[in-house]
Each structure stands twice: as C-alpha cells, then as structure tokens.
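A quick write-up on the structure given underneath.
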Amino acid sequence: MSTFPDTQSLEHYSDKDLILAIKQGDKAAQDYAVKKYGHKILPILQTLTTRSRSLESLLKELFSLSRKLITGINNSHHLKPITILLKAADIMITTRKQNSYPAPVPAAISLYFDASQFDSTEIADIIHLLSDTYRIIGGDALVIKKMDYLDLSPVSRS
Amino acid sequence: MIDIDEEEPKFVRIEIEGLNAEKWYQLRTKFIRAIHKTLDTVIDHEHSSTLRDEAKKFTTELLNYGKAKLQRAGLENEELMAQVDLLYSQKEKELAEARKLHAEAEALEIRNNIRKLKLGIGGMKALMIGETGKEEILFLKQMDHFLEILRDFEGDNNVRLQG
Numbered sequence: 001m002s003t004f005p006d007t008q009s010l011e012h013y014s015d016k017d018l019i020l021a022i023k024q025g026d027k028a029a030q031d032y033a034v035k036k037y038g039h040k041i042l043p044i045l046q047t048l049t050t051r052s053r054s055l056e057s058l059l060k061e062l063f064s065l066s067r068k069l070i071t072g073i074n075n076s077h078h079l080k081p082i083t084i085l086l087k088a089a090d091i092m093i094t095t096r097k098q099n100s101y102p103a104p105v106p107a108a109i110s111l112y113f114d115a116s117q118f119d120s121t122e123i124a125d126i127i128h129l130l131s132d133t134y135r136i137i138g139g140d141a142l143v144i145k146k147m148d149y150l151d152l153s154p155v156s157r158s
Numbered sequence: 001m002i003d004i005d006e007e008e009p010k011f012v013r014i015e016i017e018g019l020n021a022e023k024w025y026q027l028r029t030k031f032i033r034a035i036h037k038t039l040d041t042v043i044d045h046e047h048s049s050t051l052r053d054e055a056k057k058f059t060t061e062l063l064n065y066g067k068a069k070l071q072r073a074g075l076e077n078e079e080l081m082a083q084v085d086l087l088y089s090q091k092e093k094e095l096a097e098a099r100k101l102h103a104e105a106e107a108l109e110i111r112n113n114i115r116k117l118k119l120g121i122g123g124m125k126a127l128m129i130g131e132t133g134k135e136e137i138l139f140l141k142q143m144d145h146f147l148e149i150l151r152d153f154e155g156d157n158n159v160r161l162q163g
C-alpha cells in the first residue's frame with residue numbers, strides 16, 4: 001500500500017508541498033507536476049533533487065567536523081593553533097584601536113623655585129614630599145621630567 | 001644657597017609627572033586637589049589676600065616672560081640641577097627600601113610625611129597658578145622679594161609700553 005497521496009488529493013497540494021513530495025521520491029507527485037506544468041519542469045525537479053542530496057551530504061560533513069571540533073576542545077593541545085590565532089586577532093584589534101584613539105598625554109606640573117632662596121636639598125625635599133602626597137592618593141612615584149632656568153631680569157638690564 | 005646676583009632674578013623650573021602615564025592621567029586632578037588642600041593649610045592667612053591677588057595678577061605674565069628667554073644653563077646652574085636630581089633619587093630610593101623593610105609602618109610613615117610636608121613648606125610660600133590641566137606651582141621664601149621682582153617687571157613693562 002502506497003503511502004503517497006493519489007492524483008486527486010495532489011490537486012489540493014500547494015507548490016511547496018508538491019516539491020517536498022517530489023524530493024521524497026513521490027512518483028505520482030512528479031507525474032502530476034509534469035501534467036500541471038509541462039515537461040519543462042523536469043530539469044528543474046532534477047536540479048532540486050540533486051541540490052537536496054548535495055545539501056544532505058554537506059550537512060553530514062558539517063556534523064562530522066563538529067564532532068571533531070568537540071573532540072579537539074576536549075583535548076586542549078588541539079586548540080593551541082586556534083588560541084594563537086585568537087590572540088593574534090586580539091592584538092591586531094587592540095593595536096588598531098590604540099592607533100585610532102591615542103590616549104591624551106597628561107600635562108606635567110611645573111614647579112618654580114626662587115633660585116636665590118632655595119638650595120638643592122630644599123628643592124629635592126619638596127619634590128620628595130610631593131611624591132609622597134602622590135603616593136598617598138594611589139600614585140606610584142613622581143619623576144623629574146625636565147629642569148631649566150628662567151631668567152626674569154628685565155630686557156633693559158640684560 | 002645658590003650664588004646668584006640679586007639684580008638678576010632667576011627661577012628654577014622643574015617639571016614633574018607620574019612614573020606611570022596611565023596612573024598620572026587618572027590621578028593628576030586628584031593630585032592637584034591634594035596639593036591645593038595642603039597649600040591651603042600652610043598659606044599665611046594674614047597675608048593670603050596679598051599672596052593670592054597681587055602675586056597671581058602678574059605671576060603668569062612674569063613666568064611667560066621668563067620662559068620666552070630661557071637661559072642656557074651655566075656650569076653653576078647645571079650643578080644645582082644635578083644635585084636636585086641626585087638628592088631626589090636618593091630620597092626615593094631610601095623610602096622604597098624602608099617600605100620593603102617596614103611595610104607595616106607605612107600608614108604611620110605616610111601620616112608623618114604629611115606633617116613633614118606641612119612643616120617643610122610652612123616657612124615658605126607656595127602659590128598655585130595656571131589654568132586647569134596646566135597648573136604651575138611657585139615656591140617662595142620671602143614674599144617681599146618676589147613682590148619686588150613683580151613690581152620691577154610691571155614697571156619695566158610699563159616703561160616699554162610707554163616708550
């Protein structure tokens with residue numbers, strides 16, 4: 001006893017259901033399609049059937065690869081190349097991000113000492129104590145970036 | 001003290017910043033606030049208006065004038081800067097070593113250092129100038145001497161302007 005529908009019931013099929021029935025190998029459905037759409041439908045039906053088989057084959061391969069990937073994840077040494085690739089990609093993204101958005105350079109703080117009133121020990125003491133203040137608020141240490149002299153004598157006298 | 005002709009006022013300018021740039025970026029504003037707080041506690045309140053108003057009025061201009069004709073460091077000046085650098089490095093090194101040995105006493109040490117900072121610059125005058133993000137601090141011992149420099153500078157500029 002055939003499980004396929006008879007020609008009469010095929011008349012009520014939508015095109016989608018008809019194609020599905022043909023893909024499943026329903027000879028009655030194929031004959032009905034030829035009767036309904038003419039012989040030009042045959043190559044289309046053949047293509048659909050071939051593609052359907054190709055898709056099935058690809059899906060089987062994909063499932064097989066998925067299983068291998070799961071096995072690879074379980075054995076971490078198989079993941080090493082993937083990890084390296086991910087790290088490289090991360091570095092590339094980070095570098096690009098840094099290059100695109102450079103961090104603003106925070107300004108140094110200038111300290112001025114009247115040279116006629118301070119000696120080197122006093123100046124070093126003050127910077128050291130400022131460095132301590134910086135540490136108290138969570139900083140690491142202060143560094144001397146630059147030192148120079150400002151001549152404040154009037155132009156007329158120099 | 002540095003042997004410098006009183007007739008030719010000179011200021012040592014030292015630029016400081018945090019060791020770690022990222023931390024410095026994060027903490028700079030907080031650091032300025034901490035300095036402000038400390039300086040506020042040591043400023044001579046009796047003369048604070050003079051210190052703030054009169055000095056601030058011309059200091060930025062004076063320093064800009066000095067920056068425009070930065071002097072090439074002479075042998076004497078180089079010696080002072082090398083000494084400051086060496087002494088500061090020594091102090092930082094000593095402190096780091098002391099911290100390693102007495103980590104538990106760090107909190108006490110910090111409190112002592114705050115006291116030292118207050119006492120250390122208690123006899124001095126410190127003035128914060130400059131816009132936000134470009135702060136500069138001026139350290140002085142004799143306010144009168146600095147005001148004289150400012151008056152000379154102002155007078156000299158007026159003469160030049162009139163001339």
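Protein chains in written order, with my numbering: chain A, 1 to 158; chain B, 1 to 163. Positions of the beta carbon are idealized from the N, C-alpha and C atoms, including for glycine.
**Message:** Quick check: GLN117/A and LYS141/B, are their CB atoms within less than 8 Å of each other?
**Reply:** yes
**Prompt:** With distances taken from CA atoms, which of LYS145/A, SER52/A, SER120/A is nearest GLY25/A?
**Reply:** SER52/A
**Request:** Could you have a look at LEU111/A and say whether DSSP puts it in helix, strand or coil?
**Result:** strand
**Asked** Shorter than 8 Å from the beta carbon of LYS60/A to some beta carbon of chain B?
**Response** no
**Prompt:** Using the beta-carbon of each residue, which ones in chain B are nearer than 7 Å to SER120/A?
**Reply:** LEU80, GLN83, VAL84, LEU87
**Prompt:** Would a C-beta distance cut-off of 8 Å place ALA115/A and PHE11/B closer than the cut-off?
**Reply:** yes
**Asked** List, in order along the chain, the chain B residues whose C-beta lies closer than 8 Å to that of LYS145/A?
**Response** GLU15, ILE16, GLU17
**Selection from ILE32/B, ALA126/B, ARG13/B that minimises the alpha carbon distance to ILE136/A** = ILE32/B
**Prompt:** Considering TYR188/A, what are the terminal residues of the alpha helix (DSSP H) in which it resides?
**Reply:** Outside the shown range of chain A (1 to 158) lies residue 188/A, about which nothing can therefore be said.
**Request:** For GLU135/B, return the contacting residues in chain A, with the cut-off set at a CB-CB distance below 7 Å.
**Result:** ILE109
**Prompt:** Using a Cβ-Cβ distance under 8 Å, would GLU92/B count as near chain A?
**Reply:** yes
**Asked** Hey, out of ILE129/B, TYR88/B, GLU136/B, ALA21/B, whose CA is closest to LEU111/A's CA?
**Response** GLU136/B
**Asked** Is the shortest distance between the beta-carbon of SER57/A and the beta-carbons of chain B less than 8 Å?
**Response** no
**Item:** Cα-Cα separation between ASP151/A and LYS134/B, rounded to whole angstroms
**Value:** 21 Å
**Item:** Length of the line joining the Cα atoms of LEU18/A and LEU10/A
**Value:** 8 Å
**Message:** Buried or exposed for GLU148/B, going by 16 or more other Cβ atoms inside 10 Å?
**Reply:** exposed
**Message:** Using CA atoms only, rank isn't needed, just tell me which of LYS68/A, ILE127/A, LYS60/A, HIS39/A is closest to GLN90/B.
**Reply:** ILE127/A
**Asked** For the candidate residues HIS12/A, TYR149/A, ALA124/A, LYS16/A, whose alpha-carbon lies nearest to that of LEU45/A?
**Response** LYS16/A
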